[in-house]
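First residue of the sequence shown? That's 1482 in my numbering, and the numbers climb one at a time after it.
Let me begin by presenting the structure, written as structure tokens, before commenting on it.
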Amino acid sequence: MASEKVPMLAEGYRLLEEELKRLKVERPEIVDAIEEARAHGDLSENAEYHAAKERQGQVEAQISDIEDRLARALVIDPTTLSGDKVVFGATVNLVDEDDKPVRYQLVGQQEANAKDGRISYNSPLGRALIGRQIGDEVEVTTPSGDRYYEIAGIEFI
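And the structure:
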């Protein structure tokens, strides 16, 4: 695993911690399911056993991944930021080519949800916005074609 820091908001960090706790509670339940399936006899034809073992592998991989991300987390509080450039955690008010206002907050990859106005700083639009200022125009290539935006405002909330 890479040792580079993973930027995220405090909320994203908290959600990862909650998911880790949930998975660690599920761990002994899976072990119990494996033991119960073993008691049924022939393991080569035991679907419950194979399903439980597969789930155990998935949970262990998820636990390892989450622990790694938490260890490398760089928690950023946008309210402590300021300035006139778009940075991680900033909420950016944009006007698209149809003069329709849109608003996005730049967040970590795991926190991104475009429907909630949260896009990854690594997304095409996120990368195009980083370092830009109010009044700058950005062009983003999307699967549906090129999109143009003007930065109307930057907030740190």
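Don't be surprised by glycine CBs; every beta carbon is placed ideally from N, CA and C.
Under the three-state reduction of DSSP, GLY1634 is assigned to strand. Contact check between the segment 1549–1564 and the segment 1515–1530: fewer than three CB pairs, one atom from each, fall below 8 Å, which does not count as touching. Here GLY1564 carries a coil assignment [DSSP, helix/strand/coil]. Excluding the 5 residues flanking it on each side, LEU1551 has same chain C-beta neighbours closer than 8 Å at TYR1494, LEU1497, GLU1498 and LEU1501, in chain order. Residue pairing of GLY1626 in beta bridges, as defined by DSSP: THR1623. Note on the segment 1487–1522: whole beta strand (DSSP E) runs with a minimum of 3 residues are 1487–1490, in chain order. If the five residues before and after ASP1617 are omitted, its C-beta is found closer than 6 Å to the C-beta atoms of ILE1632, all from its own chain and listed in chain order.
Linking TYR1585 to LEU1610 through their CA atoms gives a straight-line distance of about 10 Å. For ILE1547, the enclosing alpha helix (DSSP H) covers residues 1528–1552.
For PRO1582, the enclosing beta strand (DSSP E) has its first and last residue at 1582–1588.
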